[in-house]
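Protein chains in written order, with the numbering used here: chain S, 634 to 995; chain P, 82 to 585; chain U, 7 to 355. Where a beta carbon is used, it is the ideal one built from N, C-alpha and C, also for glycine.
Right, here's the structure in full:
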């Protein structure tokens with residue numbers, strides 16, 4: 634009994650316990666509902682199956698989660714503009730490739746890579762804008778990002794001349810779908826690339842340490858010689874770039890720039906991924922791995938909900954409730970309350986035991 | 082004269098986990114007197130006040146108040162206020178965005194028959210209160226538009242209007258200039274005539290002698306004595322506050338302490354930071370240990386913060402190794418070879434959630450820059466080396482700093498700076514709140530590093546400590562550097578310098 | 007009055023908060039004047055165009071009042087747009103599909119608002135979770151619930167609910183001397199709709215509430231300095247809770263006004279409305295840090311955002327997203343302005 638409890642306690646204290654636990658829980662529920670959940674088949678030369686679908690569709694969230702994790706860690710605030718920025722960079726990319734005002738095209742006006750790069754940079758620009766507001770002007774992160782939360786999508790619409798720009802050029806579809814001859818969705822490769830670059834960057838440079846120290850105690854970080862403002866700015870910049878990449882992938886899936894629908898509700902998913910990853914929304918220490926597992930968990934939840942007949946419009950209800958539960962559990966006030974309660978129970982038990990034994994002696 | 086006594090606190094004891102904050106402390110406050118409560122850091126001044134005002138609940142002891150039967154227990158500041166005990170803090174606890182009148186009446190606004198706030202009556206009443214206290218201001222104006230001194234006075238006026246018999250002023254003068262202080266004292270004297278007992282906490286000796294009738298001195302959570310101001314020379318007051326009880330550590334006196342011939346390491350001319358420290362000069366030679374002494378709030382921390390560049394100097398020049406040094410941010414001073422262990426460990430030093438290793442290598446890493454990460458092996462080696470050297474008691478180098486005791490946290494932060502091999506290290510109260518054994522260790526280490534050629538500034542509230550380690554001392558008083566002492570230093574000569582005034 | 011008092015008064019003259027409000031009013035006048043000159047041919051200068059500002063923005067006025075109350079405490083409520091969508095959907099679904107009578111539905115909508123605000127307020131006030139996170143969850147929850155009720159667009163027709171239809175189309179004419187002759191030479195008497203009355207009553211009530219009640223003053227005190235407010239004996243947690251309840255309640259009133267204007271409910275309704283409400287409050291001089299602001303300023307804020315929308319639609323050629331961009335840019339400008347003012351203030355101390 635006690636051995637079991639001990640090992641259980643040790644397991645729950647692991648950094649990645651929460652994300653892995655949630656992931657397993659979601660998968661188990663799916664398994665119980667339908668055994669075919671885990672089956673993977675090859676249709677038309679590409680991999681096919683629920684799991685593949687989750688990995689594929691979860692790409693954008695995972696990419697966003699990378700940036701969002703850094704932002705949360707460094708500033709104890711979240712970037713709520715990520716979804717809109719995705720849409721903006723998609724629109725920017727499509728407009729660059731098709732030319733302004735063109736509704737549908739099969740020939741590109743510039744090299745595809747250049748257009749995509751432009752889109753990503755547009756995301757970076759948005760990130761830089763947020764970064765300046767937060768790091769230099771000391772505006773609360775969420776208010777600062779609220780500006781682009783509405784504006785970015787609107788600017789995207791302007792870039793596309795208020796229509797949906799279609800790029801009917803096959804290679805453009807590769808990123809969000811399949812490269813001929815390769816059975817694995819390309820988006821998974823993109824995600825792996827982004828995560829590897831981020832992980833490599835965090836491992837090879839001291840950025841991770843800097844971000845955590847600024848997030849934990851920015852005054853002490855300043856005294857220890859770290860330029861807190863610059864680090865904060867950098868995180869927002871990276872977050873913007875990630876949104877840009879995610880936007881391009883999302884756009885490639887539908888080979889168009891649908892400003893109203895690309896990245897819709899993704900800000901919630903990204904924040905939820907960070908929270909589910911076991912990272913405190915109050916900033917400080919972070920684990921990138923947790924956020925990424927969190928991201929796929931979110932996608933698994935979404936997929937499950939869709940499979941249960943819940944529409945994409947309705948899914949946010951469930952996610953909003955999950956967010957609330959996580960932040961409530963994380964809230965220090967709540968923890969103190971729980972702590973006090975169990976402490977009180979313990980004292981009552983103790984007192985009872987003592988008085989009981991006292992009577993026994995008497 | 083017994084009926085004149087307003088409050089008696091006897092045998093007050095309060096412990097926090099691991100610390101005895103108050104040990105049988107006592108305090109007596111009489112009607113119509115201004116009573117100074119003095120003591121250095123950790124003396125227990127604020128704890129005893131918080132026990133009185135209900136912020137803390139005492140473990141043991143009695144509090145009696147004139148006109149109230151029996152032992153008093155306050156559970157909140159509101160309860161204390163109800164029986165007439167009000168507190169005004171250094172940071173004014175009012176709402177800066179509301180009008181003066183509202184600040185006087187919020188929570189108890191006069192209301193019309195319809196239950197609406199009656200602004201007319203409120204402003205009229207407020208004007209009357211202010212007139213009675215002879216404070217001239219427009220009560221409908223926003224509080225923010227007035228100086229801090231006026232804000233303090235509004236806070237006091239609020240307390241007085243709520244029928245307070247005991248007024249506690251917790252360092253109200255720390256951020257006021259001379260004319261503002263004079264205004265405040267005028268008000269205090271007025272209240273004194275009305276029979277209010279005022280408990281005045283301050284670090285400024287001048288002010289105590291100007292306005293107070295009686296002094297209670299505390300040290301290390303204990304009551305030292307109560308004195309009549311008129312009968313107590315400054316020297317004796319400082320002695321009482323700092324204590325003269327030598328511990329048995331006097332053996333580690335530096336040999337060949339003076340490094341007069343050495344190379345000039347840091348040279349600062351005319352540095353100042355508006356509002357915290359007036360212009361000062363400072364220099365230190367290779368291998369020298371210089372103390373900065375003065376009471377808390379005298380500007381000793383502010384001076385070193387200015388040298389290091391946490392508070393950017395607004396005037397003056399700084400040279401290091403003879404070369405001009407322009408400090409925009411601490412990274413510049415780190416690159417030049419400085420290190421700074423701040424006095425507020427929790428707010429300015431600790432990264433509580435990060436591991437011991439990360440805490441140790443942080444400053445070195447910051448100096449190396451973002452792209453020159455120390456290899457993990459090197460990091461581990463450094464961490465182990467310093468855990469060993471400073472005998473840091475930690476389960477492992479990956480333990481979060483928050484799980485270490487205060488003394489060990491302090492050692493970790495010291496290690497952070499030693500890692501960078503500074504030529505010039507500032508230690509601001511490195512020994513505060515840590516046990517006596519570790520204190521000695523710190524002193525030994527300071528001397529060891531100095532003998533290896535490091536220049537060190539050492540600040541401590543305990544003169545003994547500095548006498549044992551420093552070869553020279555800068556004396557600070559009231560936000561300015563007032564002189565230096567070197568040569569034969571004794572407790573008496575240092576205290577005389579700190580006390581200033583009639584002694585010189 | 008002594009010389010010093012006068013000096014203090016003079017100092018108050020250049021108070022940064024007053025300056026902000028002044029900028030807002032000046033901006034409104036300038037914008038409207040520019041509109042009148044540029045689009046004089048399109049009837050921009052007519053009294054009715056001005057009144058239409060109130061008619062189309064009646065809902066926004068109510069919501070901005072609630073937003074102001076929340077922002078006074080130093081918080082924020084970004085759930086308002088979704089809550090309006092949910093309210094509209096409840097009304098549209100209830101009347102259009104189920105055929106329920108209007109009064110019980112309106113009561114239900116207001117109750118939903120109160121409950122919604124209570125949950126958000128409890129999380130913010132008592133569990134001390136960041137208001138942004140809480141109301142963001144609220145934003146997605148309410149939007150999702152709208153879709154749960156119904157994913158289609160539902161219109162409220164005259165057949166479905168004649169009473170509600172009559173309310174929506176009721177015109178209240180202003181005195182005849184304000185009348186003007188339109189392009190076709192016909193005399194038009196300017197009118198307003200019942201929603202305008204609701205909105206203006208809300209403004210007056212909230213103005214009085216903020217100025218003359220203990221609760222109103224507590225909102226300012228909490229926003230000014232939370233610790234101080236607590237030490238002066240105010241119940242900070244309850245005050246915050248009530249602020250969010252008030253915000254969501256006013257938002258539901260705003261939702262009803264909005265529904266009376268659109269007569270429909272859909273998932274996509276009132277998207278980005280939170281932006282308009284926050285922008286209105288901020289432009290109207292409410293500080294993001296809390297403690298400063300009033301509903302009169304917010305009313306002007308609404309008129310400014312409203313004028314932007316009107317200008318864009320009057321132009322006819324501009325895309326509607328220009329209005330969003332302009333509002334966001336204006337919000338950005340005022341936030342930066344606030345930040346700069348705060349910096350200058352700190353410097354001068």
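The alpha-carbon separation between residue 166 (chain U) and residue 192 (chain U) amounts to approximately 34 Å. If you check each beta-carbon in the stretch 191–211 of chain P against every beta-carbon of chain U, the ones closer than 7 Å belong to 197, 198. Nearest CB-CB separation between residue 187 (chain P) and chain U: below the 8 Å threshold.
The stretch 539–549 of chain P makes contact with the stretch 363–375 of chain P; the number of CB pairs closer than 8 Å reaches 3 or more. Residue contact check for residue 95 (chain U) against chain S: no CB pair falls below 8 Å. The CB of residue 976 (chain S) never comes closer than 7 Å to any CB in chain P; the least such distance is about 14 Å. Annotation: Cβ neighbours of residue 146 (chain U) in chain S (cutoff 7 Å, chain order): 898, 901, 949, 952, 953. It is roughly 11 Å from the alpha-carbon of residue 885 (chain S) to the alpha-carbon of residue 724 (chain S).
Residue 773 (chain S) sits buried, since 16 or more C-beta atoms from the chains shown fall within 10 Å of its C-beta. The continuous beta strand (DSSP E) containing residue 360 (chain P) extends over residues 358–366. Bounds of the beta strand (DSSP E) holding residue 303 (chain P) are 303–309. Residue 90 (chain P) is a Cβ neighbour of residue 142 (chain P), given a cutoff of 8 Å.
According to DSSP, residue 505 (chain P) shares a beta bridge with P:419, P:536.
In the DSSP assignment, residue 290 (chain P) forms no beta bridge with any residue. Any Cβ of chain U closer than 8 Å to the Cβ of residue 775 (chain S) would place that residue at the interface, and such an atom is present. Only buried fits residue 874 (chain S), as 16 or more other CB atoms lie within 10 angstroms of its CB.
Counting only the Cα atoms, residue 396 (chain P) lies some 33 Å from residue 315 (chain P).
Residue 827 (chain S) is a Cβ neighbour of residue 878 (chain S), given a cutoff of 8 Å. Within the stretch 203–234 of chain U, 214, 217, 218, 219, 220, 222, 223, 224, 226, 227, 228, 229, 230, 231, 233, 234 place their CB atoms closer than 9 Å to a CB of chain P, listed in sequence order. The Cβ of residue 648 (chain S) sits no closer than 8 Å to any Cβ of chain P. DSSP places residue 561 (chain P) outside any alpha helix (DSSP H); the residue lies instead in the beta strand (DSSP E), whose first and last residues are 561–567. Cβ contact annotation for residue 523 (chain P) (same chain, cutoff 7 Å, sequence separation greater than five): 511, 512, in chain order. Its Cα nearest to that of residue 154 (chain U), the residue S:942 stands out among S:976, S:978, S:973, S:942. Going by beta carbons, residue 422 (chain P) and residue 507 (chain P) fall inside the 8 Å limit.
Interface residue (Cβ-Cβ distance to chain U less than 8 Å): residue 550 (chain P) is not classified as such. For residue 884 (chain S), no beta strand (DSSP E) encloses it; the enclosing alpha helix (DSSP H) starts and ends at 861–886. Judged by their CB atoms, residue 556 (chain P) and residue 569 (chain P) are not nearer to each other than the 8 Å cut-off. Taking residue 464 (chain P) as the centre and dropping the five residues before and after it, the same chain places the C-beta of 438, 441, 478 closer than 6 Å to its C-beta, in chain order. Taking residue 296 (chain U) as the centre and dropping the five residues before and after it, the same chain places the C-beta of 77, 78, 79, 80, 81, 228, 229, 230 closer than 8 Å to its C-beta, in chain order.
Bridge partners of residue 676 (chain S) according to DSSP: S:679.
CA-to-CA, the gap between residue 40 (chain U) and residue 413 (chain P) works out to about 52 Å.
Measuring C-alpha to C-alpha distances from residue 888 (chain S) to each of S:754, S:673, S:924, S:798 identifies S:798 as the nearest. Residue 894 (chain S) sits in coil when the DSSP states are folded into three classes, being neither helix nor strand. Membership of residue 116 (chain P) in the beta strand (DSSP E) is indicated by the continuous run 115–119.
If you look at residue 176 (chain U), you'll find it isn't in any alpha helix (DSSP H); DSSP assigns it neither H nor E.
According to the DSSP assignment, residue 558 (chain P) belongs to no alpha helix (DSSP H) but to the beta strand (DSSP E) extending over 553–558.
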